[in-house]
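**Student:**
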Amino acid sequence: MSETTTHTHSVAVADEDEITLTWAGATDTGRRRDNNQDAFLAEFPLFVVADGMGGHAGGEIASQSTIARLQDVVDSGSVTTDAIERALKDAVDDIAAHPDTTDEGTGTTLTGVFFDLADGDPRWVSLNIGDSRVYLFRDQRLVQVTTDHSVVQELISSGRLSPEEAEGHPYSNVITRAVGASELTPPDYLGIEVIDGDRFVVCSDGLTKELTDYGIQHFLRENEDPGAAVDAMLAAALENGGRDNVTLIVVKVARTGHDPEAETATSKIDTIDSSSTSDEAAE
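According to my numbering, the sequence shown is numbered sequentially starting from 146.
(1) Determine the extent of the alpha helix (DSSP H) in which Ile301 is found, giving its start and end residues.
(2) Please report how far the alpha carbon of Glu367 lies from the alpha carbon of Asp284, in whole angstroms.
(3) Can you grab the Cα-Cα spacing for the pair Asp343 / Lys397, in whole Å?
(4) Does the Cβ-Cβ distance between Ser349 and Asp183 come in under 8 Å?
(5) What distance in whole Å lies between the Cβ atoms of Glu355 and Ala382, which are believed to be in contact at a cut-off of 8 Å?
(6) Ser303: buried (16+ other C-beta within 10 angstroms of its C-beta) or exposed?
(7) If you compare alpha carbons, which of Leu272, Ala241, Thr253 is closest to Asp443?
(8) Rounded to whole angstroms, what's the CA-CA distance from Asp370 to Ala169? Just pull it up for me.
(9) Please state the DSSP three-state secondary structure of Tyr316.
(10) Please classify Ala242 as buried or exposed, where buried requires at least 16 other C-beta atoms within 10 Å of its C-beta.
(11) Could you check where the alpha helix (DSSP H) with Asp350 kicks off and where it finishes?
(12) Whether or not the segment 313-329 and the segment 195-211 are in contact is what I'm after, with contact meaning three or more pairs of Cβ atoms, one per stretch, closer than 8 Å; do they touch?
(13) Does the distance from the C-beta atom of Thr254 to that of Ile274 stay below 8 Å?
(14) Nearest-angstrom Cα distance between Glu384 and Ala377?
(15) Flag this pair as yes or no: are the beta carbons of Ile394 and Pro267 separated by less than 8 Å?
(16) What did DSSP end up calling Thr211 once you bin it into helix, strand or coil?
(17) Helix, strand or coil, according to DSSP, for Ser221 in the structure here?
(18) Under 8 Å, do Asp217 and Ala195 count as touching if we go by C-beta distance?
(19) Do Asp389 and Arg178 have their CB atoms nearer than 8 Å?
(20) Counting along the chain, where does the beta strand (DSSP E) carrying Arg400 start and finish?
(21) Suppose you measure from the CA of Gly386 to the CA of Arg176; what does that come to, to the nearest Å?
(22) Quick one, are the C-beta atoms of Val290 and Ala311 less than 8 Å apart?
(23) Please work out which residues of its chain come closer than 6 Å, Cβ to Cβ, to Tyr280, disregarding the five sequence neighbours upstream and downstream, and give them in chain order.
(24) Where Glu330 and Gly313 are concerned, what is the direct C-alpha to C-alpha distance, given to the nearest angstrom?
(25) Helix, strand or coil for Phe189, going by three-state DSSP, please let me know.
(26) Can you tell me where the beta strand (DSSP E) with Leu281 in it begins and where it stops?
(27) Tell me the DSSP secondary structure of Arg366 in three-state form.
(28) When DSSP builds the beta bridges, which residues end up paired with Asp235?
(29) Quickly, what does DSSP pair Thr165 with across the bridge? List them, please.
Printed below as a string of structure tokens:
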């Protein structure tokens with residue numbers, strides 16, 4: 146396994162306030178799958194992972210079509226929730242355009258974060274459809290930002306299942322929301338303050354099947370560089386079985402000239418809706 150390349154991008158926000166992002170990403174077929182139905186995009190300002198499902202070729206079509214449409218959004222220079230949702234609607238049409246290899250069960254998860262400067266005040270916006278995840282590592286502590294759209298998560302939320310029981314549940318792989326050949330349900334969004342030292346992990350469930358949250362936290366503590374963290378977690382996931390495709394992105398934040406009010410890992414994380422980062426707000 147070759148070393149993962151690390152990329153860097155800097156943004157001048159205001160006088161003496163500069164944000165530098167460093168990131169790396171990788172994907173692997175795993176030890177038990179013949180093809181890789183995961184795909185990812187890690188290009189400023191958007192960092193997303195898609196985990197496809199639906200037959201040998203259908204899952205690949207779903208994840209790759211979704212990532213290709215989001216690449217167009219990045220290339221346009223305007224990443225907003227409106228633009229993302231238009232891209233996802235186009236991806237649904239792309240998936241449906243392959244009737245020989247896709248069906249009603251074909252689709253993909255999508256999760257990630259994008260850097261938003263629409264109102265002149267920088268923030269992260271997380272987005273999620275399905276059971277891929279975004280984690281935030283702040284003050285040496287790991288927090289799961291996204292909530293899985295899955296049957297077991299609904300059972301946990303209703304108190305009918307414990308997190309421990311969920312691990313071996315027969316419906317553990319069944320998701321309740323996806324980008325697929327049907328009407329699109331918009332992603333869930335969260336706004337997150339940009340804090341110096343933060344790191345994000347965006348990953349498919351191929352990583353979380355093999356590494357616990359504690360394991361992810363351990364590798365982030367041991368590996369400050371995003372590329373090294375990606376390599377370490379990917380190697381560990383494969384060593385632990387690699388039962389599924391494994392995809393992950395690590396993004397590190399460095400911010401100078403800014404004194405954040407937040408002191409805890411969960412502060413400054415707010416639920417938002419599409420209008421908060423709409424095209425109108427960006428104009």
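Virtual Cβ for every residue (Gly too), placed ideally from N, Cα, C.
Because the structure is a prediction, the values reported are computed rather than measured.
**Tutor:** Based on what the coordinates show:
(1) Here residue 301 corresponds to residue number 156 of the sequence shown, with the count starting at 1. For Ile301, the uninterrupted alpha helix (DSSP H) run begins and ends at 296-302, by DSSP.
(2) Taking the first residue of the sequence shown as 1, we reach residue 367 at position 222. Taking the first residue of the sequence shown as 1, we reach residue 284 at position 139. Rounded to whole angstroms, Glu367 to Asp284 spans 14 Å at the Cα level.
(3) Here residue 343 refers to the residue found at position 198 when the sequence shown is read from its first residue. Here residue 397 refers to the residue found at position 252 when the sequence shown is read from its first residue. Note on geometry: alpha-carbon atoms of Asp343 and Lys397 lie some 6 Å from one another.
(4) Translated into the one-based positions of the sequence shown, residue 349 becomes position 204. Translated into the one-based positions of the sequence shown, residue 183 becomes position 38. In contact: Ser349 and Asp183 (Cβ atoms closer than 8 Å).
(5) Here residue 382 refers to the residue found at position 237 of the sequence shown. Here residue 355 refers to the residue found at position 210 of the sequence shown. Contact flag correct, Cβ pair sits at about 4 Å.
(6) Mapped onto the sequence shown, residue 303 falls at position 158. By the neighbour-count rule (16 or more Cβ atoms within 10 Å), Ser303 is not buried but exposed.
(7) This structure gives no information on residue 443, because the portion of the chain shown stretches from 146 to 428.
(8) Translated into positions along the sequence shown, residue 370 becomes position 225. Translated into positions along the sequence shown, residue 169 becomes position 24. Approximately 9 Å, taken between the alpha carbons.
(9) Walking along the sequence shown from the start, residue 316 turns up at place 171. DSSP places Tyr316 in coil when its eight states are reduced to three.
(10) For the purposes of this step, residue 242 is taken as residue 97 along the sequence shown, with counting starting at 1. Ala242 sits exposed, since fewer than 16 C-beta atoms from the chains shown fall within 10 Å of its C-beta.
(11) Within the sequence shown, numbered from 1, the residue matching residue 350 stands at position 205. Taken as a continuous stretch (DSSP letters only), the alpha helix (DSSP H) holding Asp350 covers 350-353.
(12) The segment 195-211, when compared against the segment 313-329, does touch it at the 8 Å Cβ threshold.
(13) Here the question's residue 254 lines up with position 109 in the sequence shown. Here the question's residue 274 lines up with position 129 in the sequence shown. With a cutoff of 8 Å on beta-carbon distance, Thr254 and Ile274 are scored as near each other.
(14) Reading the sequence shown from its first residue, position 239 is the one you call residue 384. Reading the sequence shown from its first residue, position 232 is the one you call residue 377. Using only the alpha carbons, I get a separation of about 10 Å.
(15) In the sequence shown, residue 394 corresponds to position 249, counting from 1. In the sequence shown, residue 267 corresponds to position 122, counting from 1. Not a contact, by the Cβ cut-off of 8 Å.
(16) Working through the sequence shown from its first residue, we reach residue 211 at position 66. Residue state, collapsed to three classes: helix.
(17) Along the sequence shown, read from residue 1 onward, the residue named residue 221 stands at position 76. Ser221 sits in a helix when the DSSP states are folded into three classes.
(18) Here residue 217 refers to the residue found at position 72 of the sequence shown. Here residue 195 refers to the residue found at position 50 of the sequence shown. Cβ distance not < 8 Å, so Asp217 and Ala195 don't count as in contact.
(19) The count along the sequence shown starts at 1 and reaches residue 389 at position 244. The count along the sequence shown starts at 1 and reaches residue 178 at position 33. For Asp389 and Arg178, yes; Cβs fall inside 8 Å.
(20) For this step, residue 400 is matched to residue 255 along the sequence shown. First-last of the beta strand (DSSP E) with Arg400: 391-401.
(21) Looking up residue 386 in the sequence shown gives position 241. Looking up residue 176 in the sequence shown gives position 31. Going from the Cα of Gly386 to the Cα of Arg176 covers about 7 Å.
(22) Start at 1 with the first residue of the sequence shown, and residue 290 comes out as number 145. Start at 1 with the first residue of the sequence shown, and residue 311 comes out as number 166. Going by beta carbons, Val290 and Ala311 fall outside the 8 Å limit.
(23) Within the sequence shown, numbered from 1, the residue matching residue 280 stands at position 135. Hits under 6 Å: Leu287, Gln289, Val346.
(24) In the sequence shown, residue 330 corresponds to position 185, counting from 1. In the sequence shown, residue 313 corresponds to position 168, counting from 1. Checking the sequence shown, residue 330 turns out to be Thr, not Glu. Rounded to whole angstroms, Thr330 to Gly313 spans 28 Å at the Cα level.
(25) Residue mapping note: residue 189 aligns to position 44 of the sequence shown, counting from 1. The answer is coil: DSSP assigns Phe189 none of H, G, I, E or B.
(26) For the purposes of this step, residue 281 is taken as residue 136 along the sequence shown, with counting starting at 1. That run of the beta strand (DSSP E) goes 278-283.
(27) Residue mapping note: residue 366 aligns to position 221 of the sequence shown, counting from 1. The answer is helix: DSSP assigns Arg366 an H, G or I state.
(28) As a first step, residue 235 must be located in the sequence shown, where it is residue number 90. Its beta-bridge partners do not exist; DSSP assigns none.
(29) The residue given as residue 165 occupies position 20 in the sequence shown. Its beta-bridge partners are Ser155, Ala399.
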